[in-house]
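Undergrad: Handing you this structure, nothing more for now.
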Amino acid sequence: MLKRIKIVTSLLLVLALFGLLQLTSGGLFFNSLKNDKENFTVLQTIRQQQSALNATWVELLQTRNTLNRAGIRWMMDQSNIGSGATVAELMQGRPIR
Numbered sequence: 005m006l007k008r009i010k011i012v013t014s015l016l017l018v019l020a021l022f023g024l025l026q027l028t029s030g031g032l033f034f035n036s037l038k039n040d041k042e043n044f045t046v047l048q049t050i051r052q053q054q055s056a057l058n059a060t061w062v063e064l065l066q067t068r069n070t071l072n073r074a075g076i077r078w079m080m081d082q083s084n085i086g087s088g089a090t091v092a093e094l095m096q097g098r099p100i101r
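Everything in the sequence shown is counted per our numbering, starting at 5 for the first residue and increasing by one.
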């Protein structure tokens, strides 16, 4: 009888140990899930900022091209070798002839 009690007690201890391990792994899982949610939020904010930055970069490049065309046109008009292109054609990005 005493031998049987020791076996039952040891089985209960093993069961309690596995239960404790299960609770620990569940706690670690929820902690990593919380961290992943925070990381996802940060990455979403960074993606929105990157999208705005890219749009600004495109606008700056278009402005630079327009200013370059206007400067070339002004220099050609000063030299009396203007192409005769209209302002609308310059704004549409047609090449200067």
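Glycine residues also receive a C-beta, built at the ideal position from the N, C-alpha and C atoms.
Rounded to whole angstroms, what is the Cα-Cα separation between residue 13 and residue 22?
TA: For residue 13 and residue 22, the distance between alpha carbons rounds to 14 Å.
Undergrad: Helix, strand or coil: how does DSSP classify residue 55 here?
TA: Helix at residue 55.
Undergrad: Whole angstroms are fine: how far does the CA of residue 37 sit from the CA of residue 3?
TA: Here the chain comprises residues numbered 5 to 101, so residue 3 is not present and cannot be evaluated.
Undergrad: Taking all protein chains shown into account, decide if residue 51 is buried (16 or more other Cβ within 10 angstroms of its Cβ) or exposed.
TA: By the neighbour-count rule (16 or more Cβ atoms within 10 Å), residue 51 is not buried but exposed.
Undergrad: Quick one: using the 10 Å Cβ neighbour count with 16 as the cut-off for buried, is residue 73 buried or exposed?
TA: When all chains shown are included, residue 73 counts as buried.
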